[in-house]
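Residue numbers for the sequence shown follow my numbering, so the first one is -8 and each next one is one higher.
Positions of the beta carbon are idealized from the N, C-alpha and C atoms, including for glycine.
What follows is one structure encoded as structure tokens, with my remarks underneath.
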Amino acid sequence: MLIYLDSRDLINLFEKSNPCSPNDFDKILIGGGHKLVYSWLNIAEISEPLLHAKAKTNVMALLNRVEESPHTYIHSSRIPHLELTSAVKTYAKGEEYEKVDPYVHRFDYTVELNARPSTRDYLNYPLAEIVWDLHTFGALGGLDRFAEKLKQTFAADRALQPKPSLKKHFPVLVKKNLKLHNVTGANAEIKTFANWIYSNAARCPSQRLGYEVWHKMIKNVQDEPTPSDMEDFCHLECLPYVDFMTLDNRMRGYVSQACKATQTNHFEKLNKDTAEIIGKLQK
């Protein structure tokens, strides 16, 4: 099983031995052939104390221990490019959408979007060293600013009147993302191509899930999202590519609504904390 813990649960496990010691959790992982999944986002979040001079967390020690556990890395920001590229190729051939593999072998490969990292030829580049180098070059921060910008975009979308239907607006999203993620070869009429993707939620599953959840959030005018909610939202792009994920209760509720609308099972992968995942692994 591929297990994605958000930053809260990574810190609870590796710093506070909650719900068990890291060594005991490793035994569960090794015994079942499971791996933790690390992304740019959850590693950057647990490394954030590096940005605060008065923080007491020993980030380097934390990262060294995190790296000891069975793990793999997911290149989350590459997922839209991979999904759209697969969709373009298979649609042009008249074939069914092919699933993509967003996993990479080292954390520095999760940083670049459309280029190979300059460190790709390094034979040994530990996680803590990668994060420290990013911090030294000022490339580690920005999560708070990004979350705040996302919140502003959310407010603008919520204020839009009249709101288009999800299906009618989807071609607009696809056209924008094809350009944004440098995907070429989409020679078909965009609306027809986008409708083909939309007709089956298993096609471009990460983008479809994010699209549905975003609009469920917009629709709930009683709920005012916080920057941390926006960060939680960003974790969702990895959900179709893992077996278990921890996420807070509010976002799990929106995923549940989206899954009911699209008849998908992503919600079944969500858990409130690491203890719930352990319970499932030990059944």
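In terms of alpha-carbon separation, which member of 43, 172, 1 and 156 lies closest to residue 79?
Position 88 of the sequence shown holds residue 79. The shortest C-alpha separation from residue 79 is found at 172.
Using CA atoms only, rank isn't needed, just tell me which of 231, 272, 200 and 52 is closest to residue 344.
The chain is shown only over -8 to 274; residue 344 falls outside these bounds and no answer can be derived.
Per the DSSP calculation, residue 62 is bridged to which residue(s)?
Residue numbering aside, residue 62 sits at position 71 when the sequence shown is read from its first letter. In DSSP, residue 62 forms a bridge with 27.
Pair within 9 Å by beta-carbon distance, residue 36 and residue 228
Walking along the sequence shown from the start, residue 36 turns up at place 45. Walking along the sequence shown from the start, residue 228 turns up at place 237. Contact flag unset, no.
Cα-Cα separation between residue 88 and residue 178, rounded to whole angstroms
Mapped onto the sequence shown, residue 88 falls at position 97. Mapped onto the sequence shown, residue 178 falls at position 187. About 17 Å.
Integer-rounded CB distance, given that residue 235 should sit under 8 Å from residue 268
Taking the first residue of the sequence shown as position 1, residue 268 is located at position 277. Taking the first residue of the sequence shown as position 1, residue 235 is located at position 244. Confirmed, Cβ separation roughly 5 Å.
Apart from the five residues just before and just after residue 196, which ones in its own chain have a Cβ nearer than 6 Å to its Cβ?
Taking the first residue of the sequence shown as position 1, residue 196 is located at position 205. The residues are 231.
Tell me the rounded alpha-carbon separation between residue 91 and residue 214.
The residue given as residue 91 occupies position 100 in the sequence shown. The residue given as residue 214 occupies position 223 in the sequence shown. So the alpha carbons of these two residues sit roughly 34 Å apart.
Expressed to the nearest angstrom, what Euclidean distance is found between the alpha-carbon atoms of residue 189 and residue 258?
Taking the sequence shown and counting its residues from 1, the one referred to as residue 189 is at position 198. Taking the sequence shown and counting its residues from 1, the one referred to as residue 258 is at position 267. Computed Cα separation, rounded: 19 Å.
Note the first and the last residue of the continuous alpha helix (DSSP H) segment covering residue 238.
Residue numbering aside, residue 238 sits at position 247 when the sequence shown is read from its first letter. Here residue 238 belongs to no alpha helix (DSSP H), and DSSP marks it neither H nor E.
Residues near residue 276 in its chain [Cβ-Cβ closer than 8 Å; skip 5 each side]
The structure shown has nothing for residue 276, since the chain only spans -8 to 274.
Between the Cα of residue 119 and those of 183, 53, 64 and 241, spot the shortest distance and give me the residue it belongs to.
As a first step, residue 119 is located in the sequence shown; it is residue number 128 there, counting from the start. Looking at the Cα atoms, 53 is the closest of the given residues.
Going by the CB atoms, is the gap between residue 273 and residue 192 shorter than 9 Å?
Here residue 192 refers to the residue found at position 201 when the sequence shown is read from its first residue. Here residue 273 refers to the residue found at position 282 when the sequence shown is read from its first residue. No, they are not a contact pair.
Note down, one range per segment and in chain order, each alpha helix (DSSP H) of at least 4 residues found wholly within the region 170 to 243.
181 to 189, 196 to 210 and 218 to 226
Rounded C-alpha distance that separates residue 2 from residue 69
Against the sequence shown, residue 2 aligns to sequence position 11. Against the sequence shown, residue 69 aligns to sequence position 78. Approximately 26 Å between the Cα atoms of the pair.
Please say whether residue 145 and residue 121 have beta carbons closer to each other than 9 Å?
The residue given as residue 121 occupies position 130 in the sequence shown. The residue given as residue 145 occupies position 154 in the sequence shown. In this structure, residue 145 does not lie closer than 9 Å to residue 121 by Cβ.
Less than 9 Å between the beta carbons of residue 162 and residue 184, yes or no?
By one-based count along the sequence shown, residue 162 stands at place 171. By one-based count along the sequence shown, residue 184 stands at place 193. Yes.
Rounded to whole angstroms, what's the CA-CA distance from residue 95 to residue 67? Just pull it up for me.
If you number the sequence shown from 1, residue 95 lands on position 104. If you number the sequence shown from 1, residue 67 lands on position 76. Those two C-alpha atoms are separated by around 10 Å.
Find out if the Cβ-Cβ distance for the pair residue 42, residue 141 is shorter than 9 Å.
As a first step, residue 42 is located in the sequence shown; it is residue number 51 there, counting from the start. As a first step, residue 141 is located in the sequence shown; it is residue number 150 there, counting from the start. No, the pair does not count as a contact, with Cβ atoms beyond the cut-off.
Leaving out the 5 sequence neighbours to the left and right, which residues in its chain are closer than 7 Å to residue 238 when beta-carbon positions are compared?
Locating residue 238 in the sequence shown gives position 247, counting from the first residue. -3, 223, 226 and 261.
How is residue 94 classed by DSSP in three states: helix, strand or coil?
Counting from 1 along the sequence shown, the entry for residue 94 is found at position 103. Three-state result, residue 94: strand.
Is the beta carbon of residue 174 less than 9 Å from the beta carbon of residue 76?
Start at 1 with the first residue of the sequence shown, and residue 174 comes out as number 183. Start at 1 with the first residue of the sequence shown, and residue 76 comes out as number 85. Their beta carbons are under 9 Å apart, which means residue 174 touches residue 76 by this criterion.
According to DSSP, what are the bridge partners of residue 9?
Mapped onto the sequence shown, residue 9 falls at position 18. None, per the DSSP bridge assignment.
Measure the Cβ-Cβ separation of residue 81 and residue 34 and say whether it is below 9 Å.
In the sequence shown, the residue the question calls residue 81 occupies position 90. In the sequence shown, the residue the question calls residue 34 occupies position 43. No. Outside cutoff.
Report the CB separation of residue 241 from residue 220 in whole angstroms; it is logged as a contact under 8 Å.
On the sequence shown, residue 241 is found 250 positions in, with the first residue counted as 1. On the sequence shown, residue 220 is found 229 positions in, with the first residue counted as 1. Rounded, the Cβ-Cβ distance is 7 Å, consistent with contact.
Helix, strand or coil for residue 354, going by three-state DSSP, please let me know.
Residue 354 is absent from the structure shown; the chain starts at -8 and stops at 274.
Rounded straight-line distance, which links the Cα of residue 6 to that of residue 46:
As a first step, residue 46 must be located in the sequence shown, where it is residue number 55. As a first step, residue 6 must be located in the sequence shown, where it is residue number 15. Going from the Cα of residue 46 to the Cα of residue 6 covers about 14 Å.
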